[in-house]
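Asks:
Residue numbers (UniProt numbering): 1 to 184.
1) Can you tell me which of 29, 166, 92 and 167 puts its alpha carbon nearest to the alpha carbon of residue 145?
2) Any idea what DSSP makes of residue 11, helix, strand or coil?
3) By alpha-carbon positions, which one of 53, 42, 143 and 148 ends up nearest to residue 83?
4) With C-beta atoms as the reference, is residue 15 less than 8 Å away from residue 108?
5) What are the start and end residues of the alpha helix (DSSP H) that includes residue 38?
6) Do you know how far the Cα of residue 141 is from the Cα of residue 70?
7) Let me check understanding here. Comparing Cα to Cα, which of 103, 26, 163 and 32 lies closest to residue 7?
8) So which of 66, 13, 27 and 62 has the shortest CA-CA distance to residue 45?
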């Protein structure tokens, strides 16, 4: 693995559930020496309960309110990699915060890959239904334009090795005129 290299700024990962935001985010944070956060894990740490439980008890709207607060708080930090929840882009407020506080990376994957990666995960409240494929297709159609609207970089994670994916992503970030290498 290459030595850790610093790139300036925050990196925010968006995409549907199962696209690899947490996995890629952790690896990207290691590669760049940034602090990694996952907005869902941060919500769980702050509330002491699982996201699925928040959905069950408070509903999606209250969960999205909590999510917006966490994203706003974390985006104010420096040198972080943040894996957002798949639905974070549904709120214009979140899209504005992400777009204005760092580089937004849209991790995109084929529906078959998303389904395979999420089918046994009981912590995906929106997929605990009879036809999760139809739900993923619906979410993709609804959210893809919003992910694209704020994305600085789009990476396809379909059948990708995480290390190769992060290496490709790092090269794109390095080549970006908005995010030069930090100099010490």
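We put the beta carbon where it would ideally sit given N, CA and C, even for glycine.
Replies: So, from the data block:
1) When each option's Cα is compared against that of residue 145, the closest is 92.
2) In this structure, residue 11 counts as strand in the three-state DSSP scheme.
3) Nearest C-alpha to residue 83 among 53, 42, 143 and 148: 42.
4) A contact, by the Cβ cut-off of 8 Å.
5) Element bounds for residue 38: not the alpha helix (DSSP H) but the beta strand (DSSP E), 35-38.
6) Taking the CA atoms as reference points, residue 70 sits about 26 Å from residue 141.
7) Here the closest residue by C-alpha is 32.
8) Selected option, being the one with the closest Cα: 66.
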